[in-house]
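For the first sequence, this note's numbering gives the first residue as 131, with consecutive numbering after it.
Note that CB positions come from ideal geometry on N, CA and C, so glycine has one too.
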Amino acid sequence: MHEMTEMVCQAVRAIPPGRVATYGDVAELVGCTARQVGRILAIHGADTPWWRVVNASGRLPPHLMPEARRRWAAEGINVEQDAAGVPLRRYRAEPKPWADRAGLADEYD
DNA sequence: ACCTTGACCTTGG
DNA sequence: CCCAAGGCCAAGG
Numbered sequence: 131m132h133e134m135t136e137m138v139c140q141a142v143r144a145i146p147p148g149r150v151a152t153y154g155d156v157a158e159l160v161g162c163t164a165r166q167v168g169r170i171l172a173i174h175g176a177d178t179p180w181w182r183v184v185n186a187s188g189r190l191p192p193h194l195m196p197e198a199r200r201r202w203a204a205e206g207i208n209v210e211q212d213a214a215g216v217p218l219r220r221y222r223a224e225p226k227p228w229a230d231r232a233g234l235a236d237e238y239d
């Protein structure tokens, strides 16, 4: 498996339950582009907590929303009825602790 | 090598 | 809040 693929999956697995990170956040942490993160998760996301990675609007592509909503609810992430996605203000993972958990703190500025 | 396709992001209306 | 435009860029045909 490619190095970057491993790093991305590792970073995603390090996101604490009940919290989320954006594709951009993951990209910055591992050192690649947001698109690359999306591509990798689209292929190897099955064995990761993929529902904890959302786009800049706190959403995921339509076909994944049903399952994602269940997962979010299951770990205490409450999405208001009227909201389209996860409110990042409240659930976004904090960079430092997350990076430490991921064992990739060296990539952090 | 060219074209199309995305689990993207930011900015401006 | 929604939409469009421009930038982005690897993978697969």
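Query                                                                                                                       : Result
Runs of alpha helix (DSSP H) lying entirely within the segment 194-220, each at least 4 residues, in chain order            : 195-204
Helix, strand or coil at Arg-189 [DSSP, three-state]                                                                        : coil
Same chain, Cβ closer than 6 Å to Val-167, five either side skipped, listed in chain order                                  : Val-138, Tyr-153, Val-156 and Ala-157
Rounded separation between Pro-146 and Thr-178 - CA only                                                                    : 12 Å
For Glu-197, the nearest candidate out of Ala-186, Ala-141, Arg-182 and Thr-163 (CA to CA)                                  : Arg-182
Through-space distance from Ala-223 to Val-150, alpha-carbon basis                                                          : 6 Å
Cut-off 6 Å between Cβ atoms - residues of its own chain near Arg-231, not counting five sequence neighbours on either side : Ala-144
Arg-189 and Gly-215 closer than 8 Å at C-beta                                                                               : yes
Simplified DSSP state of Ala-151, which is helix, strand or coil                                                            : strand
Residue closest to Ser-187, alpha-carbon to alpha-carbon, out of Tyr-221, Gln-140 and His-132                               : Tyr-221
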